[in-house]
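**Student:** Got a structure for you, written out below as structure tokens; questions coming shortly.
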Amino acid sequence: MIGSILRQRYKIVKQLGAGGFGETYLGEDLDIPVTPKPVCVVKRLQPTAIAPEIIRLFEQEAQILYQLGQNHDQIPKLFSYFQEGQQFYLIQEFIDGYDLTQEITPGKKLGENDVIQLLRDILEILVYVHENKVIHRDIKPANIMRRKNGKLVLIDFGLVKQINNTIALKSGFTSRTVGIGTYGYMPSEQGYGKPKLSSDIYALGMTVIKGLTGISLNTLSEDEDGEIIWSNLVSVSNKLENFITKMVRYDWRQRYKDAKEALEELNQLFGFVKLPNKSSEDCFTEGNQLFDLQKYEETISYYDQAIAIKPEDHEVWYNRGVALQKLQKYREAIASYDQAIAIKPDNHEVWYNRGVALQKLQKYREAIASYDKAIAIKPDDDQVWCNLGVAFEKLKEYEEALKCYKKAISI
């Protein structure tokens, strides 16, 4: 699979994971005319048989993922979904960051305030999901990503698991055998193939219990009614203990019915002062002020916040590249320039600075290609002609270099 190209567009670069009936790969979008190519996540489903019901289910679930991702920046965008032969493919946004298995780890205990913030952050995403009548079905630390700007993203909705379950049922297995969800985080009703909105509440509750206790969930005991025994292992307020206990009740009818009810209760218990929402423009302006003060690391963090709010702003991507270039992080700068070019390919300054960064990396031929793009957009920029001459001179192509220098002088 590595190296293959899907639909003459998505090149498979490396495998990220595998299990059940499918695999996940890192891919490159060859349609975008920049280097390096933008990356994406490619999910391949390999059902044992193709049937109209499987195709219908795939299209139905993919449409749901598309709608969710289009309207919420904390859910990965779905770029494409299609069938090739006996296999289904999903092309999704790549989330640059790490999953919460790096924060919720054995032997490490989260503090109460950290847990309250985590609950609030995830519930806010789930409110949107549940309002759209969607059940995630597999909430756990591995399916919660933290972007580099600190914002959480909920990934890996139950599409693959739902399709796998349908396939298994057709093959004579039971839904309990297949399991749509993850053992330890999955409540009993979901194990029997009847998930509710409150099933997600249970899974989130078990996630924070793992964070608070710092131990594996399969070591927790249950009482005679099937309730999880956990509070004796931690030191938290009665308010938080009671809140989490309600989240993980064995009977789904005794839990919070959905994310909205849980979030309202959480905010009522612990108070919530809603900070004024910063716009992308506010973050960009603050970043520019820090840039003028030559505080480039802080500058980039503000640009990242602006991008998280408004990812299609080419100017922010460009300025981010310039700040990275000031820090001599030329490869990262080029990646930012490429994002700006993908959004607005006719900005000659982006092409020029991209050429400068490539030249710093001694990639003179690629730098020349960037300078040529800049010149095609704005032919009378003497600085670009001068840099183009330097690049040719580095390649010992002196006649070409001389032509460029003469052009720069004439301008």
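In this note's numbering, the protein residues as written are 3 to 413. All C-beta atoms, glycine included, are put in the ideal place defined by N, C-alpha and C.
State the Cα-Cα distance for the pair Gln364 and Ala342, rounded to the nearest angstrom.
**Tutor:** So the two alpha carbons sit approximately 22 angstroms from each other.
**Student:** Which residues bound the alpha helix (DSSP H) around Gly87?
**Tutor:** It is not in any alpha helix (DSSP H) - Gly87 carries neither H nor E in the DSSP assignment.
**Student:** Is DSSP giving Leu265 helix, strand or coil here?
**Tutor:** Three-state DSSP puts Leu265 in a helix.
**Student:** Alpha carbon to alpha carbon, how far is Ala403 from Phe394?
**Tutor:** If I take the Cα positions, the gap works out to 5 angstroms.
**Student:** Could you say if the region 120-132 and the region 85-98 meet the contact criterion of at least three C-beta pairs nearer than 8 angstroms?
**Tutor:** Contact fails: fewer than three Cβ-Cβ distances are below 8 angstroms.
**Student:** Alpha carbon to alpha carbon, what distance is there between Leu326 and Lys362?
**Tutor:** Whole-angstrom Cα-Cα distance: 13 angstroms.
**Student:** Going by C-alpha to C-alpha distance, which of Asp382, Gln330, Glu63, Tyr366 sits closest to Glu351?
**Tutor:** Of Asp382, Gln330, Glu63, Tyr366, the residue nearest in Cα terms is Asp382.
**Student:** Count the other CB atoms, across all protein chains shown, that sit within 10 Å of the CB of Gln104; report buried if there are 16 or more and exposed otherwise.
**Tutor:** So Gln104 ends up on the exposed side.
**Student:** For Gly391, count neighbouring Cβ atoms within 10 angstroms of its own Cβ and tell me buried if that reaches 16, exposed if not.
**Tutor:** Label assigned to Gly391: buried.
**Student:** DSSP three-state call for Leu295: helix, strand or coil?
**Tutor:** In this structure, Leu295 counts as coil in the three-state DSSP scheme.
**Student:** According to DSSP, simplified to helix, strand and coil, what is Glu25?
**Tutor:** Strand, per DSSP.
**Student:** Our contact map puts Ile127 next to Ile203 with C-beta atoms below 8 angstroms; I'd like the distance itself, whole angstroms only.
**Tutor:** Not a contact, Cβ separation roughly 13 angstroms.
**Student:** Would DSSP call Gly109 helix, strand or coil?
**Tutor:** Gly109: coil per DSSP, three-state reduction.
**Student:** From Val136, Val386, Val155, pick the residue whose C-alpha is nearest to that of Ala144; which is it?
**Tutor:** Taking only the C-alpha atoms, the option nearest Ala144 is Val155.
**Student:** Leaving aside the five residues before and after Lys405 along the sequence, list all residues of the same chain whose C-beta is less than 7 angstroms from its C-beta, in chain order.
**Tutor:** Counting only Cβ-Cβ distances below 7 angstroms, and skipping sequence neighbours, we find nothing.
**Student:** Output yes or no for whether 8 angstroms exceeds the beta carbon distance between Ile14 and Gly29.
**Tutor:** Yes, these two residues count as a Cβ contact at 8 angstroms.
**Student:** Report the partner residues of Asp315 according to the DSSP bridge assignment.
**Tutor:** Answer is none; Asp315 lacks a bridge partner.
**Student:** Check each candidate in Asp116, Leu92, Glu317 and name the one with the smallest Cα separation from Leu102.
**Tutor:** Nearest C-alpha to Leu102: Asp116.
**Student:** Closer than 6 angstroms by C-beta to Asp348: which residues in its own chain qualify, once you throw out the five before and the five after it? Chain order, please.
**Tutor:** So the qualifying residues of the chain are Ile379.
**Student:** Short check: CB of Arg236 to CB of Thr215, under 8 angstroms?
**Tutor:** The question names Arg, but residue 236 in the sequence shown is Val. It is a contact, given that the beta carbons lie within the stated cut-off.
**Student:** Measure how close the beta-carbons of Gly323 and Ser338 come, nearest whole angstrom, since I'm counting them as under 8 angstroms.
**Tutor:** Indeed, because the Cβ distance is near 4 angstroms, the residues count as touching under 8 angstroms.
**Student:** Strictly by DSSP, which residues pair up with Tyr12?
**Tutor:** DSSP output for Tyr12 lists Leu8, Asp31 as bridge partner(s).
**Student:** Which of the three DSSP states is assigned to Asp101 in this structure?
**Tutor:** Note: Asp101 maps to strand in three-state DSSP.
**Student:** Using a Cβ-Cβ cutoff of less than 8 angstroms, which residues in the same chain neighbour Asn220 once the five nearest sequence positions on both sides are dropped?
**Tutor:** Within the same chain, Asn220 has close Cβ partners Tyr185, Gly186.
**Student:** Considering only residues of the region 184-244, which uninterrupted beta strand (DSSP E) runs meet the minimum length of 3 residues and lie entirely inside it, listed in chain order?
**Tutor:** Segments of the beta strand (DSSP E) lying fully in the region 184-244: there are none.
**Student:** Determine whether the beta carbon atoms of Gly357 and Tyr373 lie at a separation below 8 angstroms.
**Tutor:** In contact: Gly357 and Tyr373 (Cβ atoms closer than 8 angstroms).
**Student:** Going straight from the alpha carbon of Lys45 to that of Leu80, what length do you get?
**Tutor:** The straight-line gap from Cα to Cα measures roughly 11 angstroms.
**Student:** Just mark Ile141 as buried or exposed, buried being the case when its beta carbon has 16 or more other beta carbons within 10 Å.
**Tutor:** Its Cβ being crowded by 16 or more others within 10 Å, Ile141 is buried.
**Student:** May I have the straight-line CA-CA distance separating Thr179 from Gly193, to the nearest angstrom?
**Tutor:** The predicted position of Thr179 is uncertain, since its pLDDT is 36 and thus under 50; a value taken from the coordinates is nonetheless stated next. Rounded to the nearest angstrom, the two C-alpha atoms are 9 angstroms apart.
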